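Here the sequence shown is numbered in this note's numbering, starting from 468 and rising by one per residue. The structure under discussion appears below in the form of structure tokens.
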Amino acid sequence: IKLDYVNFFMMGDLNGIVDGKLDYKTQTITKKTKKTLPKSFFQMTEELNLKDIWRERNINEKQYTFYSNTHASWSRIDMVWISAELLTNIQHVEIGTSTWADHNPIMV
């Protein structure tokens, strides 16, 4: 990937998870398919040296940004990825709570 920028800040609803054990939880007995982000996404983050800032600061935490009523599941599909060089500039990152939306905000 050739870009005119040195550092990046990418965020949003990615509609996929990174780690099925940490980023997904279901209440149902039958195992649901977890939608993992595509291989091309991980190739891009590696090539651009992007880091999932929330996961970098919360290595083994299980906290979610989205609840699916249909699947009775929670997942962390909303993420903030930044250039590794910017990691030390980030003072705080947290997943907030939402009372009316199906997604929780991420505050950086």
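C-beta: ideal position from N, C-alpha, C; glycine also. Since this is a predicted model, take the numbers as computed values, not measurements.
> Between the Cα of Asp486 and the Cα atoms of Thr503, Met478, Phe476, which residue gives the shortest distance?
Replying inline: The count along the sequence shown starts at 1 and reaches residue 486 at position 19. It is Thr503 whose Cα lies nearest to the Cα of Asp486.
> Among Ile484, Gln558, Met574, Phe533, which has the Cα closest to the Cα of Trp567?
Replying inline: Counting from one through the sequence shown, the residue named residue 567 turns up at place 100. Per the Cα distances, Phe533.
> Thinking just about the alpha-carbon of each residue, which of Glu552, Lys488, Ser535 is nearest to the one in Tyr472?
Replying inline: In the sequence shown, counting from the first residue as 1, residue 472 sits at position 5. For the residues Glu552, Lys488, Ser535, the minimum Cα distance to Tyr472 belongs to Glu552.
> When burial is assigned at 16 or more other CB atoms within 10 Å of the CB, is Ile549 buried or exposed?
Replying inline: Position 82 of the sequence shown, counted from the first residue, corresponds to residue 549. Answer is buried; the Cβ neighbour count reaches 16.
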